[in-house]
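Protein chains in written order, with this note's numbering: chain W, 959 to 1349; chain C, 5 to 105.
Even glycine gets a Cβ: it sits at the ideal position worked out from N, Cα and C.
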Amino acid sequence: MIWSVDQAFRGFPRREGAAGTRNHLLILPAVVCANIVAEQVARALPKAMVVTHQHGCAHIAPDRDQVFRTLVGFGSNPNVGATLVVGLGCENVPAEDVARAIGERGTPVECLLIQKEGGARRCSRKAVQVCRLLMKDLAKHKRECIPLEHLVVGTECGGSDFTSGLAANPAVGRAADLIVSAGGTVVLSETSEFIGAEHILQARAKTEAVAEAIGRIVYAVEAEVRRAGVDIRGANPAPGNLAGGLTTIEEKSLGCVHKGGASTISEVVAYSDRPIERGLVIMDTPGHDVESVTGMAAGGCQIMLFTTGRGTPVGCPIVPVIKATANEATFRSMREDMDEDLSPILKGQLTIEDAGRHLLGLLLEVASGRQTAAERSGNREFAISTFWRSA
Amino acid sequence: MTVKAIVIHLTDNVATMLVPAQAGHNIVARCGHEDMVVEALQFVDVGHKIALRDIDLGAPVIKYGQRIGVSSRPIKRGEHVHIHNLQSERGRGDLVRGPSF
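Okay, structure coming up:
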């Protein structure tokens, strides 16, 4: 079935032309020590989106900056209608600074500190009261017609196998081309999965500086592997990729880069940074699916197209993640975790062009409120990429 | 004839199996509109690669029209190509001199 491509979706208008595909209340610990409050609010308010994580303190400067930017970006994503930041009170990524920065971006925000409230339990009780009020305001937000050019779409592949590079990723790439030609933005990520294919991306860079940046971020990944003195194989490709027929990182990468389509690459941004340019951009993220999706959400992606071969249920608390596979056995065995079956491509029953248009139609439906499999299952994975050990 | 394997680019020296190949079977591999036949010398699982030509030791393995690594053993046409005879040239922090990148 070919969907007609309507160049708009129904979203929640935000500041400066941005729009959300969702309207979540987010509970965001600034530090691991405040996870307990988030967990207790989750029990009291099942509709709230709650994250927990392992960071927020004892970070040396580059990590402190990266964790801070990721929390701020995540907490001010257009899909978030309001955020409650919870801290302990002594963390080196201070909750109040995170909250202030989120507020400056226009997202309604509140902040509570466990030490100020007199302990975790008291803080949790206050958090629930604050959240109930925030939820009342959220209920007033309504969807409106939003042009596609306001969409920032993250692309990801996880649990890749031989079907990913042959079919699923090219289909996503075709959808990406359509999004870019309509004025929207698509993010290509997972830098380790450019190794061996970076010359293909560099040839499409808008400027010399963009081409140089692509080379630099790929070199940085290989420098890490040299520092550790190990073959990257086993980490990437992972054991499942190897079992699924992918032998080398070059082979995997040549399949992965299809997700970005054929557009000119207009910018390279750091992990969790917002793109300034429109069109196809690259974000420097690790091949770790959850860290990568979190980084793209922090950078402002309101929706994700995620291909898989072996199958993965991974989602995101605030961004709908559409799961597509061209592996028919996976689609059948993990039916509850999948949204789209692209295996007809490998049977010669569906062209890449038609698959891309179909994916775009599905993407616009999901952007307008249709639930993904990951949202139905309650998959809300969250993880922040860091460089160094804690001090 | 039923297509059993895909060749992505004309210069590829491996095809990717769409079904498992048993030893002795003739595999029809399609590249665009052209078909070629390769006899499988051993079992090659679905999704795995089968050599379309003999590949010398240390010679590049080509898929998508690009280098995906070099052979670590001489490979015969029809053999399974995977981690036992194909090694990467990139991300090789385990090599003393590092990759040539």
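- When rounded, the separation of the alpha-carbon atoms in ILE1172(W) and ASP1095(W) is 43 angstroms.
- Counting only runs of 3 or more residues that sit fully inside the region 1010-1098 of chain W, the beta strand (DSSP E) segments are 1038-1045, 1067-1071, in chain order.
- Taking 8 angstroms as the cut-off, the Cβ atoms of GLY97(C) and ILE1153(W) do not count as close.
- If you look at GLN70(C), you'll find it in the beta strand (DSSP E) that goes 70-75.
- The region 19-37 of chain C and the region 1042-1058 of chain W do not touch, with fewer than three beta-carbon pairs separated by less than 8 angstroms.
- Beta-bridge analysis with DSSP links ASN30(C) to GLU43(C).
- Using a CB distance cut-off of 8 angstroms, PHE1120(W) counts as an interface residue toward chain C.
- PHE1289(W): member of the alpha helix (DSSP H) spanning 1286-1291, first to last residue.
- Measuring C-alpha to C-alpha distances from ASP1242(W) to each of THR1149(W), ARG1080(W), ARG1347(W), SER1348(W) identifies THR1149(W) as the nearest.
- When the beta-carbon positions are compared, GLY1218(W) and GLY1336(W) stay at least 8 angstroms from each other.
- Within the region 1241-1277 of chain W, the beta strand (DSSP E) runs of at least 3 residues that lie entirely inside it are, in chain order, 1261-1266.
- Taking the Cα positions, ASP1021(W) is about 26 angstroms away from VAL1144(W).
- Of all residues in the region 18-31 of chain C, the ones placed with a Cβ closer than 7 angstroms to any Cβ belonging to chain W are THR20, LEU22, in chain order.
- Within the DSSP bridge table, the entry for THR1206(W) names no partner.
- Under the 8 angstroms criterion on CB atoms, GLY95(C) is classed as interfacial with respect to chain W.
- Under the three-state reduction of DSSP, GLU1166(W) is assigned to helix.
- Under the criterion of beta carbons closer than 8 angstroms, VAL85(C) and ILE54(C) qualify as touching, at roughly 7 angstroms.
- Under the three-state reduction of DSSP output, GLN1329(W) falls in the coil class, being neither helix nor strand.
- DSSP lists ILE59(C) as the beta-bridge partner residues of ILE79(C).
- Out of VAL1168(W), GLY1269(W), LEU1109(W), ILE1276(W), the CA that lies nearest to the CA of THR1283(W) is found in GLY1269(W).
- Counting along the chain, LEU22(C) sits inside no beta strand (DSSP E), nor does DSSP assign it H or E at all.
- Interface with chain W (8 angstroms Cβ-Cβ cutoff): HIS84(C) is excluded.
- Within chain C, GLY97 have C-beta atoms less than 7 angstroms from the C-beta of ALA1186(W), given in sequence order.
- Contact with chain C is absent for ASP1242(W), since none of that chain's Cβ atoms lies less than 8 angstroms from the residue's Cβ.
- Any Cβ of chain W closer than 8 angstroms to the Cβ of GLN46(C) would place that residue at the interface, and such an atom is absent.
- Every alpha helix (DSSP H) of 4 residues or more that sits fully in the region 1110-1168 of chain W is shown, in chain order, as 1127-1139, 1156-1160.
- Here ASP1299(W) carries a strand assignment [DSSP, helix/strand/coil].
- When secondary structure is reduced to three states using DSSP, GLU1235(W) falls in the coil class, being assigned neither helix nor strand.
- Less than 8 angstroms divides the Cβ of VAL1009(W) from the Cβ of PRO1275(W).
- Using a Cβ-Cβ cut-off of 9 angstroms, GLY1045(W) is close to nothing in chain C; its nearest Cβ partner there is about 38 angstroms away.
- Going by DSSP, GLU997(W) is part of the alpha helix (DSSP H) stretching over 993-1002.
- Residues of the region 1192-1212 of chain W with a Cβ closer than 7 angstroms to any Cβ of chain C, in chain order: LEU1200, GLY1202, GLY1203, THR1205, THR1206, ILE1207, GLU1208, GLU1209, LEU1212.
- Rounded to whole angstroms, the gap between the alpha carbons of SER1082(W) and ILE985(W) is 11 angstroms.
- At a cut-off of 8 angstroms, the C-beta of GLU1180(W) has a neighbouring C-beta in chain C.
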